[in-house]
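In what follows, a single structure is set out as structure tokens and then discussed.
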Amino acid sequence: MSISVRNITKLYGTQRALNEVSFEIGAGEVVGFLGPNGAGKSTMMKILTCFLPPSSGRAVVCGFDTHDQSMDVRRNVGYLPEHNPLYLDLYVREYLEFIAGVHGLPDATKRINTMIDRVGLGPEQHKQIGQLSKGYRQRVGLAQAMIHDPQVLILDEPTSGLDPNQLVEIRGLIKDIGRERTVMLSTHIMQEVEAICDRVIIIDRGDLVADEKASTLRSRQQQQEVVEVEFDRTVNANELLAITGVQHAKHKAGNSWLLAHDASVDVRPAIFQYAVDQGLKVLGMQKSERGLEEVFKELTKR
């Protein structure tokens with residue numbers, strides 16, 4: 026097991042950031058670590074990377090205890106913090122040479138060239154880091170996290186500030202790394218989780234509230250479905266709520282509505298019948314697939 030967390034609790038004075046959290050992550054898994062702001066995500070990542078000690082409990086990474094064998098953990102972990110700390114006056118290649126030296130890499134030049142190519146820093150490698158866009162700074166952060174070829178990669182908001190093209194490239198890179206390494210990443214972008222993560226761990230106010238495959242989590246929570254329908258003229262919300270099976274009606278835009286209903290009932294025939302009875306034309310109707318975003322909101326309701 027690459028990561029094993031057992032009953033981790035973290036206190037900041039009287040504030041409980043983590044409350045007896047336990048989970049395991051195996052080799053070759055890409056796991057999305059989710060939660061609202063202040064849920065304890067960054068705290069857990071700092072514990073796993075030996076930046077913070079837990080108040081109680083035990084964390085083991087690649088077989089090494091984070092408390093007793095912190096140097097061994099650091100040799101096996103690559104970490105990109107949420108606020109990417111970089112030396113802005115250094116040039117990209119110069120910075121990576123420094124990081125390679127910190128790790129004592131025997132063939133630093135070859136490894137640096139590999140990482141520059143892998144994260145797409147080629148055109149920017151001779152610039153000062155302070156001259157780079159936020160997206161390219163994130164790439165530098167990814168390069169430093171992976172330069173020593175770690176077994177576990179822990180990424181806190183790794184795609185922050187990337188443009189759509191860069192997003193696709195970095196997501197592909199993370200997914201590729203996950204075939205042979207363990208990747209744990211924190212993000213608020215649900216599409217990112219669905220695109221690259223095998224599994225989802227959700228914490229809320231320090232408590233673990235979900236730990237399942239993304240597909241399983243969606244289906245387990247899927248008690249309600251949504252139909253999006255557009256009519257040719259204005260309708261009244263109360264009339265829509267009177268349709269058999271409709272539980273909630275939300276106006277979207279123009280004459281379009283989102284109608285929530287129990288997943289066990291198909292309300293589309295009743296909606297068509299309502300339109301016929303009212304002399305309306307249905308310009309469009311489709312089921313809206315319920316994604317992780319809705320599940321996340323339900324599990325972390327305040």
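Count the sequence shown with this note's numbering and you get residues 26 to 327, in order. Even for Gly, the Cβ is constructed at its ideal location relative to N, Cα and C.
Length of the line joining the Cα atoms of residue i and residue j
i: I124; j: I172; result: 8 Å
i: G145; j: G160; result: 11 Å
i: D93; j: P78; result: 10 Å
i: T207; j: L266; result: 48 Å
i: H151; j: I141; result: 11 Å
i: F321; j: D236; result: 12 Å
i: G203; j: N101; result: 15 Å
i: N190; j: G197; result: 11 Å
i: R258; j: V292; result: 20 Å
i: R83; j: F89; result: 11 Å
i: G8; j: M96; result: Here the chain covers residues 26 to 327 and nothing more, so residue 8 does not appear.
i: L121; j: V234; result: 39 Å
Range covered by the beta strand (DSSP E) that runs through residue i
i: H286; result: S281 to D287
i: Y104; result: V102 to L105
i: G59; result: Residue identity check: residue 59 is Leu in the sequence provided, not Gly. Note, L59: beta strand (DSSP E), V55 to L59.
i: R293; result: It is not in any beta strand (DSSP E) - R293 instead sits in the alpha helix (DSSP H) that spans R293 to Q303.
i: V290; result: Counting along the chain, V290 falls outside any beta strand (DSSP E), and DSSP gives it neither H nor E.
i: K312; result: V307 to S313
i: M209; result: T207 to S211
Extent of the continuous alpha helix (DSSP H) to which residue i belongs
i: A220; result: M215 to I221
i: L266; result: A262 to L266
i: K322; result: L317 to L324
As assigned by DSSP and simplified to three states, the class of residue i
i: Y20; result: Shown here, the chain extends from 26 to 327; a query on residue 20 therefore has no answer.
i: S240; result: helix
i: K35; result: strand
i: L43; result: strand
i: E253; result: strand
i: R224; result: strand
i: E122; result: helix
With a cut-off of 8 Å, do at least 3 Cβ pairs link the region 173 to 182 to the region 56 to 74? yes
Which runs of the alpha helix (DSSP H), 4 residues or longer, sit entirely within the region 125 to 193? 133 to 143 and 159 to 171
Can you list the alpha helix (DSSP H) stretches of 4 or more residues lying completely in the region 66 to 100, in chain order? 66 to 73
So, do the region 210 to 226 and the region 49 to 59 have three or more beta carbon pairs nearer to each other than 8 Å? yes
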